[in-house]
Each structure stands twice: as C-alpha cells, then as structure tokens.
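Enquirer: The listed protein sequences correspond, in order, to chains E and V.
Each step along the first sequence adds one to the number in the working numbering, with nothing skipped, and position 58 is 58.
Just add 213 to wherever you are in the second sequence, counting from 1, and you've got the working numbering.
Think of the CB as a built atom: it goes at the ideal place given N, C-alpha and C, for glycine as much as any other residue.
After the structure tokens below, expect a handful of questions from me.
Protein chains: 2
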Amino acid sequence: MSGFDYISDPKEIYNDSFAQIRAEADLGKFSSDEQEIAIRMIHACGMVDLVDDLMFSNDAVTSGRAALADAGAIFCDVEMVKAGIIKRLLPRDSAIICSLNDKGVQENAVELGTTRSAAAVEFWQKYTDDFEKSIIVIGNAPTALFHLLDEIAAGHPKPALIIGCPVGFVGAMESKDALIANDLDIPFIALKGRRGGSAIACSALNALAGGLG
Amino acid sequence: MSGFDYISDPKEIYNDSFAQIRAEADLGKFSSDEQEIAIRMIHACGMVDLVDDLMFSNDAVTSGRAALADAGAIFCDVEMVKAGIIKRLLPRDSAIICSLNDKGVQENAVELGTTRSAAAVEFWQKYTDDFEKSIIVIGNAPTALFHLLDEIAAGHPKPALIIGCPVGFVGAMESKDALIANDLDIPFIALKGRRGGSAIACSALNALAGGLG
Chain E
1 MSGFDYISDP
11 KEIYNDSFAQ
21 IRAEADLGKF
31 SSDEQEIAIR
41 MIHACGMVDL
51 VDDLMFSNDA
61 VTSGRAALAD
71 AGAIFCDVEM
81 VKAGIIKRLL
91 PRDSAIICSL
101 NDKGVQENAV
111 ELGTTRSAAA
121 VEFWQKYTDD
131 FEKSIIVIGN
141 APTALFHLLD
151 EIAAGHPKPA
161 LIIGCPVGFV
171 GAMESKDALI
181 ANDLDIPFIA
191 LKGRRGGSAI
201 ACSALNALAG
211 GLG
Chain V
214 MSGFDYISDP
224 KEIYNDSFAQ
234 IRAEADLGKF
244 SSDEQEIAIR
254 MIHACGMVDL
264 VDDLMFSNDA
274 VTSGRAALAD
284 AGAIFCDVEM
294 VKAGIIKRLL
304 PRDSAIICSL
314 NDKGVQENAV
324 ELGTTRSAAA
334 VEFWQKYTDD
344 FEKSIIVIGN
354 APTALFHLLD
364 EIAAGHPKPA
374 LIIGCPVGFV
384 GAMESKDALI
394 ANDLDIPFIA
404 LKGRRGGSAI
414 ACSALNALAG
424 GLG
C-alpha cells in the first residue's frame, strides 16, 4: 500500500530506537534508573552525545519518583512542556500546571522588570499547600530557573525535584550551572550548556514516571 | 533583589540571543528571509550548527507566507507543536489543528498497522476544503511525514508548505530525505538527520509568521 519502506509498528519503533541509543550512547556513568531517563531524553532530541552534558544529583530519581507516587504537583515553565507530559504514565493524578498565562503575570513581569516566564514562577505556590512534593520542569526559560532559585534562597519552600533544561544563548548555561552547583541542596536533573528545550525536559519527566514502558 | 546576576529584560534577551547567533552561525547560504527562520530555529535548540542540516526549497518562504496571509490551516503532528505556535504572530486567524486525539484515530492506527501519528494524518483533509493552502508542521513522528507523502503520491492534494522536523533514530532521517528529494514538488523546510523536535518545528512556523519581531 505504501510507496515508502519504513517501520510503522509503534512497538518496533520504540524498541529499535532504544536499542540504537543503548548501542551508541555512553551510559556507563549512570545508574540503571538514570539510564532510563537518559535514553528517553536522547530519544526526544536524536543526539546520543547528550550524555556528556547530562547531570543527576544523587537523590534525583528517588525524590522525583516519591513525589509522583505522592501525587505531587508538576509545574511547567511553558505550555509546550505541559503538552508533552504523558498523563497516562503518571502513577497518580498529579496536577500539571503552567501559570504563564495566569491573570496578573504580565503585570507582575512589567513590575519586576523580568520575563513573563520568571514572573509566572511567583504564582506557583498558590496552586499547592505542599510545594515540597512538587516537581518543576523547565524546558524554555533560564529566567524562570534563576527566579525559582532566588525565591528558594530567600526562604521559599524547595520542590522535590527540578528538571532544568532551559535552552539558548542568554542565561541558559549559567542558570543550569547554578542549579548543578546545588548550593541550595535541591534534587535535580540538568542538561549543561546551551542545549535544552521542552521536548527534552518533558521526556525526563515521562521517563521518571514510566521508565521505558 | 536577586542573588544571581542575569539579564532579565525580555527584549534584551532576544536581541542578545539573535546577535550571538548571527555572530556564530554560518548563515551565508540562506536568503535574508531564510536567515530569519534559521535564526529562530537555532534559538529554539541552542545549536548554531543546525544550519549544516537545514534545507529550504526555493519557494518555501514565499509559499508558506502566502498560505498564512490567506488564513490557511496549520496541521501539527503532535499537541506539543500546536502548543508552541504563537498565535499573535499569525497574520490571519488560521485554524491550528492536531488530530492525534480525534475519535477513531487509535482504531485507524490498529487497522493500518501504523502509529497514531500516521493514522491521524488521514483525518486532516476533513478539517478544510482548501488543503492546498494549509501548512504542515511535523516535529515528532517520521511515520506522519511518510504517511502524508504516500497520500500525496496517491493523488491527495498537496499543502502549501511542509515543515519537516521529525526527530529520532528510526525513520526520521529517511523521511526527511524523502521530503528533500522532493519528487512530489512540495515546498518544504526540513532538518536533515536525526535532530528535530517540536520546539524546532514550531519555531520555523513562528518565524515564517512573524520574522524576528
């Protein structure tokens, strides 16, 4: 029926993809749980050398999975990240929140002299009474990550995990370096350097939730 | 107020980002319109060497901009692409459609022995009487791109532009090579190789709509 000869069976596509990634990527420095997350992140961007820049704090997988098992909220910096989270993989009915378009965010951004993404971070705490069991997924805005770290340094509650994959040329590398330096002792998964993005960020969350299943 | 020293003004972030990209990326092979699109795509992924794999058909920008000016529909393979399209940049009120979760797609996929993404392509034509002025944005599924090309080869109408950025290890490179070979004479923007993804794909559409504004 088809003019092109290609693999169309979804299960075969996944299995073949993961096998290629395992064959090519240098996964030896990761635990087996971390490997599952690394494989999904590589799968999301097509680059096996992502492992060179991928960092996990020791407690990232444990803390993140405990938060999901406890139905902790998931906060996303942009709608694209929210759209990429596969709900059926979540063990509980976690709220998935992007406050970027909340009423008042634009005004708050102007007042603070910052981006909407950073201003939107200030709206997260009102969505949950238990921010300590929430997971933050940042796939776009370095300013959102900086703003969150500043809030926590000023005494705000810490989340259970930060997945830090902001992307780009201004502040992305620096914001992730600050996360990785981990002066605040927060579990993290982070991608060093300029690379990042919504697809890579939410693939880490999806892998945390569902492994390679 | 902030513990970190970083640029927080949105306009300054954009300008500084675009200046870095212009300084580092080898944009000389592109027209000035194509450069705007290339810069936005690089901005979306943090990789200046994206230009090595980025291909435009001669008529891509002209045909794509004419379609947007004519309020052509925009079809996306996944919800993440749809979420990343910046509506305020569109010159007209184009419909933005992702049929992946339409009723009957899953059954159609099982029947055809293919992915939901590919099966969802068959639902596009019913959304518009004028498929010739629509734009296709594929940021995830090689099978969706193959399926669309197969449909067109079988006599279905051609769209005004295909933005082909499926990502990954099984079929992504091959599906984009088929698009670039352009046996069907369809305007395209494509990223060769394994790299791609929703963020890169919709950044091309956003640049087409709004330039670097």
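Closest Cβ-Cβ distance between Gln233 (chain V) and chain E: below 9 Å?
Expert: For the purposes of this step, residue 233 (chain V) is taken as residue 20 along the second sequence, with counting starting at 1. Yes - at least one Cβ of chain E is within 9 Å of the one on Gln233 (chain V).
Enquirer: Along chain E, which residues have their Cβ under 9 Å away from the Cβ of Asp229 (chain V)?
Expert: The sequence position of residue 229 (chain V) within the second sequence is 16, counting from 1. Below the 9 Å Cβ cutoff, chain E contributes Phe169, Val170 as neighbours of Asp229 (chain V), in chain order.
Enquirer: Under 8 Å: do the segment 44-60 of chain E and the segment 373-390 of chain V share three or more Cβ pairs, one atom per stretch?
Expert: With the cut-off at 8 Å, the segment 44-60 of chain E and the segment 373-390 of chain V touch.
Enquirer: Verify the CB distance criterion: does Tyr6 (chain E) have a CB-CB separation below 9 Å to chain V?
Expert: Position 6 of the first sequence, counting from 1, holds the residue named residue 6 (chain E). Answer yes: the Cβ-Cβ gap between Tyr6 (chain E) and chain V drops below 9 Å somewhere.
Enquirer: Beta-carbon of Ala391 (chain V) versus every beta-carbon of chain E: anything under 9 Å?
Expert: To locate residue 391 (chain V), count along the second sequence from 1; it is residue 178. For Ala391 (chain V), the answer is yes, since a Cβ of chain E falls inside 9 Å of its Cβ.
Enquirer: Which residue's Cα is closest to the Cα of Leu263 (chain V): V:Ala238, V:Lys339, V:Ala354, V:Ser221?
Expert: As a position in the second sequence, residue 263 (chain V) is number 50, starting the count at 1. Ranking the options by Cα distance to Leu263 (chain V), first place goes to V:Ala238.
Enquirer: By the DSSP assignment, the alpha helix (DSSP H) with Met268 (chain V) in it spans what residues?
Expert: For the purposes of this step, residue 268 (chain V) is identified with residue 55 of the second sequence, where counting begins at 1. First-last for Met268 (chain V): 267-269, but that is the beta strand (DSSP E), not the alpha helix (DSSP H).
Enquirer: In whole angstroms, what is the alpha-carbon distance linking Ile220 (chain V) and Leu148 (chain E)?
Expert: For the purposes of this step, residue 220 (chain V) is identified with residue 7 of the second sequence, where counting begins at 1. For the purposes of this step, residue 148 (chain E) is identified with residue 148 of the first sequence, where counting begins at 1. Those two C-alpha atoms are separated by around 15 Å.
Enquirer: On the three-state DSSP scale, how would you describe Val78 (chain E)?
Expert: Numbered from 1 along the first sequence, position 78 holds the residue referred to as residue 78 (chain E). Note: Val78 (chain E) maps to coil in three-state DSSP.
Enquirer: Only counting runs of 3 or more residues, tell me where the beta strand (DSSP E) segments fall wholly within the segment 334-409 of chain V, in order along the chain.
Expert: 348-351, 374-377, 401-404
Enquirer: Whole alpha helix (DSSP H) runs in the segment 273-333 of chain V with 4 or more residues, listed along the chain?
Expert: 273-282, 292-297, 318-325
Enquirer: Whether or not the segment 224-237 of chain V and the segment 58-76 of chain E are in contact is what I'm after, with contact meaning three or more pairs of Cβ atoms, one per stretch, closer than 8 Å; do they touch?
Expert: Verdict: no, contact absent.
Enquirer: Relative to the C-alpha of Ala420 (chain V), which candidate in V:Leu303, V:Met268, V:Asp222 has its C-alpha closest?
Expert: Residue mapping note: residue 420 (chain V) aligns to position 207 of the second sequence, counting from 1. Nearest option by C-alpha distance: V:Leu303.
Enquirer: So with Cβ pairs under 9 Å, would you call Lys405 (chain V) a contact of chain E?
Expert: Within the second sequence, numbered from 1, the residue matching residue 405 (chain V) stands at position 192. Not an interface residue.
Enquirer: Closest by CA to Ile214 (chain E), which one among E:Ala153, E:Ser99, E:Ile162?
Expert: The structure shown does not extend to residue 214 (chain E), since chain E spans only 1 to 213, so no value can be given for it.
Enquirer: Mind pulling the chain E residues with CB within less than 9 Å of Arg253 (chain V)?
Expert: As a working note, residue 253 (chain V) is residue 40 in the second sequence. Near Arg253 (chain V) there are no residues of chain E at all, since even the closest Cβ is about 11 Å away, more than 9 Å.
Enquirer: Hey, Arg253 (chain V) and Ala417 (chain V) are a contact pair by Cβ (cut 8 Å); roughly how many whole angstroms apart?
Expert: Here residue 253 (chain V) refers to the residue found at position 40 of the second sequence. Here residue 417 (chain V) refers to the residue found at position 204 of the second sequence. Contact holds; Cβ gap of about 7 Å.
Enquirer: Give me the Cα-Cα distance between Gln319 (chain V) and Glu122 (chain E), rounded to the nearest whole angstrom.
Expert: As a working mapping, residue 319 (chain V) is identified with position 106 in the second sequence. As a working mapping, residue 122 (chain E) is identified with position 122 in the first sequence. Distance between the alpha carbons of Gln319 (chain V) and Glu122 (chain E): 39 Å.
Enquirer: In chain V, which residues lie less than 7 Å from Phe146 (chain E) when you measure between Cβ atoms?
Expert: Walking along the first sequence from the start, residue 146 (chain E) turns up at place 146. Near Phe146 (chain E) (Cβ distances below 7 Å), the residues of chain V are Phe217, Tyr219.
Enquirer: Interface residues of chain E around Thr356 (chain V) at Cβ under 9 Å?
Expert: As a working note, residue 356 (chain V) is residue 143 in the second sequence. Ordered by position in chain E, the residues that pass the 9 Å Cβ test against Thr356 (chain V) are Tyr6, Ile7, Ser8, Pro10, Ile13.
Enquirer: Leaving out five residues before and five after Leu313 (chain V) in sequence, what residues of the same chain have Cβ atoms less than 8 Å from its Cβ?
Expert: Residue mapping note: residue 313 (chain V) aligns to position 100 of the second sequence, counting from 1. Only Asp290, Val291, Glu292, Arg329, Ser330, Ala333 meet the Cβ criterion.
Enquirer: Would you report the Cα separation of Asp9 (chain E) and Lys224 (chain V), rounded to the nearest angstrom?
Expert: In the first sequence, residue 9 (chain E) corresponds to position 9, counting from 1. In the second sequence, residue 224 (chain V) corresponds to position 11, counting from 1. Near 45 Å, if we compare the C-alpha coordinates of Lys224 (chain V) and Asp9 (chain E).
Enquirer: Under 9 Å, do Gly210 (chain E) and Ile86 (chain E) count as touching if we go by C-beta distance?
Expert: Here residue 210 (chain E) refers to the residue found at position 210 when the first sequence is read from its first residue. Here residue 86 (chain E) refers to the residue found at position 86 when the first sequence is read from its first residue. A contact, by the Cβ cut-off of 9 Å.
Enquirer: At a CB distance below 7 Å, what residues from the segment 44-69 of chain E approach chain V? Give them in sequence order.
Expert: Ala44, Cys45, Gly46, Met47
Enquirer: Going by DSSP in three states, Gly423 (chain V) sits in which element: helix, strand or coil?
Expert: For the purposes of this step, residue 423 (chain V) is identified with residue 210 of the second sequence, where counting begins at 1. In the three-state reduction of the DSSP assignment, Gly423 (chain V) falls in the helix class.
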